[in-house]
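Report on the structure given below.
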Amino acid sequence: MRWRNLRRSRNIEDRRGRSAGRGGPVRMPGGRGMKIGGGGALLLLLASVFLGTDLTGLVGGGGGGIGTGISTQAPQRTGTSQLPANDDIGQFVSTIMATTEDVWTPLFQQAGKRYQPPKLVLFSDGVRSACGFTSSAAGPFYCPGDNQAYIDLDFFAELQRMGAGGDFAGAYVLAHEVGHHIQNLLGVSMEVQRRQRQLPKVEANALSVRTELQADCYAGVWAHHAHKRFQLLEPGDLEEGMNAAAKIGDDALMKNAGRRVRPESFTHGSSKQRQAWLLRGLQSGDPNQCDTFNVNS
Ligand SMILES: [Zn+2]
């Protein structure tokens, strides 16, 4: 990817190296009617599905580089820097976020709407949000309650360990989270959560899959326009994205974990589905092509 000379977003909050703390009251967004409470992995999993927590259970933590010339070294806070996250990987994510702003603002304008960009919060180990406390182990996520995306940048190293490395793979993850923000702005997230509360688990999961695949498609739409405008993609980037989409498909994750593949428990879609929707957005550049809710599976 050619990203180094592009502008960087200011909508980044760098909380790396700060303790999130599990103690104290968990702040919940008002009027959502959802609670995180009680115990048990199932409940946590359900909560994470409802609250838009992403890529559940993908991560085992760790460090290292992304393998693309982006270093995941600890951030350097120079005090003189005007921008947060001034280290290499911080520059990478803030640049990618800026391209999502530059792509989605005109797309919303064309639809007669105003785009309000999300903030991206960088954290380490765990983070407190309007969605409660989330450990890095849950992977990057978007919280509709506070319009913010959250990522522990060690996740990029985790992607690499899963065979899904590369800068475009990392950018796809960010663009996917921004995709959830688009859904939030368009009222999709709220409607999905409302319907999920009334559905048995298998059908709620199916709805979650459609939501996630739409976010993948929106990530593709971003890539289409970001390339058109900034010549962002280089040879091999598309393959990197398609490879990452395959590696984080639910069937691939289940197989790698030594578990039986159970489509009824999918929450993000199969490798094939994730690739297909990412590609559909990428080729068309048209958000209207991302209506995953009105197609047969
Ligand atoms: Zn997602």
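First residue of the sequence shown? That's 183 in the working numbering, and the numbers climb one at a time after it.
Think of the CB as a built atom: it goes at the ideal place given N, C-alpha and C, for glycine as much as any other residue.
Chain-order list of residues whose beta-carbon lies under 7 Å from that of residue i (same chain, five-residue window excluded)
i      : result
Pro469 : Leu289, Tyr400 and Val403
Val374 : Leu389 and Thr393
Gly345 : Lys429
Arg198 : Pro257, Leu304, Phe305 and Ser306
Asp473 : none
Phe412 : Leu188 and Thr281
Phe448 : Asn387, Val391 and Asp432
Arg259 : Low per-residue confidence applies at Arg259: pLDDT is 46, beneath 50, and the placement is therefore not dependable, though the value from the model is reported in the following sentence. Excluding residues within five positions, none has a Cβ falling inside 7 Å.
Assumed close pair residue i, residue j - CB separation to whole angstroms, cut-off 8 Å
i      : j      : result
Val355 : Gln330 : Not confirmed; about 15 Å, so no contact.
Leu126 : Ala280 : Here the chain covers residues 183 to 479 and nothing more, so residue 126 does not appear.
Ala426 : Ala351 : 4 Å
Trp459 : Leu420 : Trp459 to Leu420, Cβ: 14 Å. No contact.
Asp328 : Ala312 : 4 Å
Gly467 : His406 : 3 Å
Arg462 : Gln471 : 6 Å
Same chain, Cβ closer than 8 Å to residue i, five either side skipped, listed in chain order
i      : result
Trp286 : Tyr297, Pro299, Val360, Ile364 and Trp404
Ser317 : Asp307 and Gly308
Ser371 : Gly234, Pro326, His362, Gln365 and Thr393
Glu416 : Met183 and Arg184
Gly451 : Val391, Glu394, Leu395, Asp398, Gly431, Asp432 and Trp459
Lys301 : Asn193, Ile194, Glu195, Asn329, Gln330 and Ala331
Beta-carbon proximity list for residue i, same chain, < 6 Å, skipping 5 on both sides
i      : result
Arg310 : Ala202
Trp185 : Thr277
Lys217 : For Lys217, the predicted model reports a pLDDT of 28, less than 50, meaning its position is unreliable; a value from the coordinates is still stated below. Around Lys217: no qualifying Cβ.
Asn476 : none
Ala353 : Ile278
Residue i versus the options, residue with shortest Cα-Cα distance
i      : options                           : result
Asp270 : Arg200, Arg190 and Ala408         : Arg190
Ala357 : Phe475, Ser276, Arg379 and Thr449 : Ser276
Tyr332 : Pro322, Asp349 and Ala353         : Pro322
Gly347 : Asn438, Pro445 and Met424         : Met424
Gln465 : Pro417, Asn478, Phe475 and Lys410 : Lys410
Arg457 : Ala434, Asp196, Arg444 and Glu416 : With the sequence shown as reference, residue 457 is identified as Gln, and Arg is not the correct amino acid for it. Gln457 has its Cα closest to that of Ala434, out of Ala434, Asp196, Arg444 and Glu416.
Val384 : Arg444, Gly314 and Ala339         : Arg444
Asn438 : Ala339, Arg343 and Val477         : Arg343
Ser453 : Met436, Gly463, Gly440 and Arg442 : Met436
Gly272 : Tyr324, Asp334 and Glu422         : Asp334
Ala446 : Gln292, Glu422 and Pro382         : In the sequence as displayed, the identity of residue 446 is Glu instead of Ala. Out of Gln292, Glu422 and Pro382, Pro382 has the C-alpha closest to the C-alpha of Glu446.
Phe284 : Gly440, Ala408, Arg441 and Glu340 : The question names Phe, but residue 284 in the sequence shown is Asp. Closest by alpha carbon: Ala408.
Gly369 : Gln291, Lys295, Ala339 and Gly418 : Lys295
Only counting runs of 3 or more residues, tell me where the beta strand (DSSP E) segments fall wholly within the region 282 to 323, in order along the chain. Those beta strand (DSSP E) runs which fall completely within the region 282 to 323 and span 3+ residues are 301 to 305, 308 to 311 and 314 to 317.
Kindly provide the ranges of any alpha helix (DSSP H) runs that are 4 or more residues long and lie completely inside the region 309 to 396, ordered along the chain. Complete alpha helix (DSSP H) runs here, min 4: 336 to 343, 349 to 367 and 370 to 379.
Could I get the ranges of all uninterrupted alpha helix (DSSP H) runs contained in the region 410 to 436, with 4 residues as the minimum, in chain order? 419 to 429
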